[in-house]
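Worksheet for the structure shown next.
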Amino acid sequence: MTLSFDIPRTTSGSPPEKRITWRLGRLKSPKIFKQYIKEFETITQNILKSHTITIATSLRDHQTATTYIEQFNRQLCQAIYHSLDTSCGRQLQPVEPLKDFWTEDMQKAYEHRERYYRKWRKAQGLNKLKYWLKHQEARAALRRLIQKRRKENWEHFCQQLASNQYAKAIAKISRIRKRRTISPTFSTMKGHKHSADTMARHLENVYSSEATQEMQRSEISSDSLPFELACPITLSDILSAIRSLPSNKAPGVDHVKNEMLLPIQHLLAPILLALFQLCWKWSYVPESWRVAQVVPIHKKGTPTDPGNFRPISLTSIFRKILERCLQNDVQLYSPPIDIAQGGFRECRGSLDQALCLAEICQVLRTHHKIKPTLIFLDIKSAYDTVDRNLIWQSLQPTTPPPLLALLQHLFDYVYLEVLLNNETSYRFSPRTGVLQGSILSPLLYSIYINDLPKRLRLKQPSEDTSPVELAPLINCLLYADDVVLISERAQMPKLLKICEDYSFSLGFHWNPSKCVVLSDMNDDLSYELYGQTLLKQHSFLYLGVPFKPGGYLNPQELIEHNVYKAFAMMNVLTSVGVNPNGFDRLLSTRFYAQIVRARIEYGLAINRLTASQTKVLEDAQNDCLRRIYGASKRASTKVMRHLSRLPTMKERLNILQAQFLFRSFTLPEDALLTKLMPHIQNDRHQQWYKLSKSSLWKIMPPPVEELSLKVFKAIKKQFLQQSLDYQKQHADKIARNSMPQHAQPATNA
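Counted from 1, the sequence shown has number 416 at position 416 by UniProt numbering; the numbering is strictly sequential.
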């Protein structure tokens with residue numbers, strides 16, 4: 001007999017460093033807060049002095065400069081680490097979840113129960129019955145203590161939530177809600193480390209697109225370094241970036257979070273400015289800023305397929321600050337983004353783009369006698385297959401060399417490692433793609449795909465092109481990586497061929513299995529991409545707004561979709577505590593207004609509803625309110641709405657539409673909706689014109705283009721008051737009519 005086994009292979013290199021955490025909650029104490037600032041000031045007071053001396057004497061070549069930048073970054077991180085260690089202390093082990101729940105009485109009752117259980121197991125004869133009964137009594141006593149403690153904790157939690165600031169309460173509820181949502185994680189049978197490496201191999205294959213195998217990383221000539229052009233970043237830019245970045249976000253490999261920087265921002269800003277100026281001058285950033293920990297987030301489909309996960313990158317907070325400081329300059333020097341692109345652009349939203357699609361289709365139907373066919377295209381792994389060299393080529397003619405070189409170093413010399421179940425994979429350098437989670441990635445992607453609309457157009461629009469002439473020229477709309485083709489059916493195969501050729505030239509692939517043709521039942525023409533026939537549907541959700549064939553909005557499906565999502569969210573909140581036995585009624589109503597009602601309202605601002613459709617929304621809101629107050633299914637909700645100052649859904653519909661119309665006058669001049677405004681304001685067939693017939697918008701004083709925000713809010717308040725007065729008069733009239741004639745109050749002649 002022989003015994004054989006395989007020894008697991010060990011990976012080369014040191015094991016991955018565990019994430020360091022600190023007890024940052026202690027910074028709420030003024031004493032600890034001041035101690036942290038003082039400690040950091042003491043440690044860093046000589047950093048800038050020594051930096052000035054080093055700049056003047058030592059930095060003569062690129063190798064010396066890069067070594068110094070790495071050392072500078074390590075000193076800064078160590079100063080933060082030491083200051084936190086001294087003031088807050090490290091979180092050495094996770095907090096026990098039952099530490100605050102378990103009491104001494106419960107512990108004694110638990111030990112009492114266990115003692116009688118052991119005696120029952122050892123007892124003989126009638127003693128076995130005796131100790132079994134005592135064990136059952138002890139068990140019941142422990143159960144009563146646990147139930148009592150749970151009730152006390154729940155009441156304390158509800159009181160604390162009601163007494164706290166509303167922003168903190170809503171954040172707490174959001175965290176609880178997310179914890180109750182089950183999100184699959186990628187795993188294999190061979191453990192967490194193997195799972196992380198498997199995901200890394202998949203991503204390495206994705207980031208090495210076949211179409212860009214010959215692509216080389218951009219090399220920065222050391223002869224041109226250091227750059228003499230002054231760095232545009234200022235102290236105010238850094239302070240603004242630190243304040244604008246969100247808190248409670250996962251850190252990068254350097255363990256630093258924004259909460260650690262906010263207390264010391266005025267001390268930190270001059271140090272970061274000196275470091276950023278070095279990075280600008282030598283086109284180099286520390287390695288820890290270029291290492292991204294990729295967390296796979298499940299999209300849909302089977303969780304055993306690594307292709308069903310979206311790779312989100314966790315990067316250093318210092319990289320995010322640098323990117324935020326560079327963002328305005330990159331936008332300034334980048335080529336003009338096409339008018340068809342509405343994603344990740346200032347003052348443009350998804351509803352603006354959806355309305356533009358509806359308005360363009362209406363112009364085609366009314367003025368050009370074309371019933372448009374719509375094809376919604378999906379790009380396979382859009383951000384992950386970007387050929388970065390094409391972005392640098394687009395930026396090169398207009399971008400200062402130091403800025404371009406710094407961007408190339410930030411994105412071409414990146415290293416990725418998959419973080420999965422506290423295990424990290426091996427590191428690899430992606431050949432293609434931009435980081436999902438980077439501040440600059442959306443802008444860089446817009447530059448990458450910017451030429452697609454121009455390729456599709458037969459003629460480029462000019463500044464004086466009228467809206468009616470502009471509509472047929474806009475045969476493609478983009479919102480980030482969401483692409484929709486707009487054309488008559490005979491021209492669509494030609495547009496698809498252009499899209500196919502364009503994907504080959506840029507090195508990405510469309511995903512034909514996820515592309516959808518929106519067409520009529522009688523459309524027997526088939527549309528192909530890469531030789532694969534595209535799926536036909538009779539309705540499609542574009543940016544969350546349903547469309548019908550011909551480019552018509554579909555308000556009925558929108559209402560059904562929104563109500564379904566709202567009820568699903570209401571079920572989750574009910575289990576959390578938004579119910580008659582949970583939180584305070586008014587607090588629960590505010591949770592409903594911010595979380596649930598927002599799902600009911602999405603897309604209503606650009607849709608005209610019938611009375612029956614509005615009633616469906618009213619019924620949905622009333623059902624949610626009855627669940628909060630514990631009322632019967634037929635109970636009136638007027639008092640509930642009055643107590644919580646909630647408007648009816650009809651009033652909300654008027655407000656949402658008026659706000660959208662008012663906002664449309666503040667859009668940038670180069671926005672597509674702005675270009676269409678002269679026509680859609682005055683043509684009775686257009687959706688904007690139909691929205692302007694809402695009750696609230698009709699009472700706006702002319703000229704509406706010059707209406708101030710203060711006046712708009714005053715008129716909105718007046719509209720709600722008039723609506724309330726009308727409801728009161730209507731209720732009084734019903735009450736008088738229902739009273740006997742002799743009981744009605746006398747009226748003066």
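Each residue gets a CB set at the ideal place from its N, CA and C atoms; glycine is no exception.
In the DSSP assignment, Phe-40 falls within the alpha helix (DSSP H) that extends over 30–44.
Annotation: the continuous beta strand (DSSP E) that includes Cys-476 extends over 476–479. Proximity of the segment 277–295 to the segment 236–246 falls short of the contact definition, fewer than three beta-carbon pairs being nearer than 8 Å. Straight-line spacing of the CA atoms in Leu-374 and Lys-675 works out to 21 Å.
Check the Cα spacing between Arg-118 and each of Thr-103, Gln-136, Glu-104 and Asp-105: the tightest is with Gln-136. Residues Pro-555, Gln-556 and Ile-559 of the same chain have their beta carbon placed closer than 7 Å to that of Gln-613, with the five preceding and five following residues left out of the count. Per the coordinates, the alpha-carbon of Gln-277 lies some 28 Å from the alpha-carbon of Pro-336.
Within the segment 236–307, the alpha helix (DSSP H) runs of at least 4 residues that lie entirely inside it are, in chain order, 258–261 and 265–282. Within the same chain, and ignoring the five residues on either side of Ala-358 in sequence, the residues whose Cβ sits closer than 8 Å to its Cβ are Phe-547, Gly-551, Tyr-552, Leu-553, Ile-606 and Gln-687. Under the 10 Å beta carbon count, Cys-361 is surrounded by 16 or more other beta carbons and is classified as buried. With respect to Ser-183, His-298 sits close: the two C-beta atoms are nearer than 8 Å. When beta bridges are read from the DSSP output, Lys-536 appears opposite Val-517. Secondary structure at Arg-150: helix, using DSSP grouped into helix, strand and coil. Cβ contact annotation for Glu-70 (same chain, cutoff 7 Å, sequence separation greater than five): Pro-286 and Glu-287, in chain order.
Close CB contacts of Ser-644 within its chain, under the 7 Å cut and outside five residues either way in sequence, are with Leu-586 and Thr-589 (chain order). Tyr-592 and Ser-244 have their C-alpha atoms some 28 Å from each other. For Val-418, the pairing in a beta bridge is given by DSSP as Val-294.
Residues of the same chain with a CB within less than 6 Å of the CB of Ala-109, apart from the 5 flanking positions on each side, are Ala-141, Leu-142 and Leu-145 in chain order. The beta carbons of Leu-541 and Cys-515 sit no closer together than 8 Å. In the structure shown, Arg-90 falls within a strand segment according to DSSP collapsed to helix, strand and coil. Assigned with DSSP and collapsed to three states, Gln-341 falls in strand.
Selection Ala-196, Phe-428, Pro-702 and Gln-491 evaluated against Tyr-413 yields Phe-428 as nearest (Cα-Cα). Assigned with DSSP and collapsed to three states, Tyr-542 falls in strand. Distances from the CA of Glu-500 to each of Lys-728, Leu-355 and Leu-529 were compared; the closest alpha carbon is that of Leu-529.
Comparing alpha carbon positions, the residue from Trp-102, Asn-737, Asp-329 and Lys-168 closest to Pro-232 is Asp-329. Ala-65 counts as buried, since no fewer than 16 other beta carbons sit within 10 angstroms of its beta carbon.
Here Ile-173 has Val-576 and Phe-591 as same chain residues with Cβ atoms under 7 Å from its own Cβ, once five neighbours each way along the sequence are excluded. By the criterion of a C-beta distance shorter than 6 Å, Leu-525 is surrounded in its chain by Arg-489, once the five residues flanking it on both sides are discounted.
In the DSSP assignment, the residues bridged to Val-484 are Phe-376 and Leu-477. For Ile-715, the secondary structure class from DSSP, reduced to helix, strand or coil, is helix.
Residue burial annotation: Cys-347 is exposed, with fewer than 16 other C-beta atoms found within 10 angstroms of its C-beta. Secondary structure of Phe-547 (DSSP, three-state): strand. The count of Cβ pairs closer than 8 Å, one atom from the segment 415–424 and one from the segment 467–481, stays below three, leaving the stretches out of contact. Cβ contact annotation for Lys-300 (same chain, cutoff 8 Å, sequence separation greater than five): Asn-308, in chain order. Excluding five sequence positions before and after Leu-59, the CB atoms of its chain that fall closer than 7 Å to its own CB belong to Ala-65 and Tyr-68, given in chain order.
Judged by DSSP secondary structure, Pro-311 falls outside any alpha helix (DSSP H) and instead within the beta strand (DSSP E) spanning 309–314.
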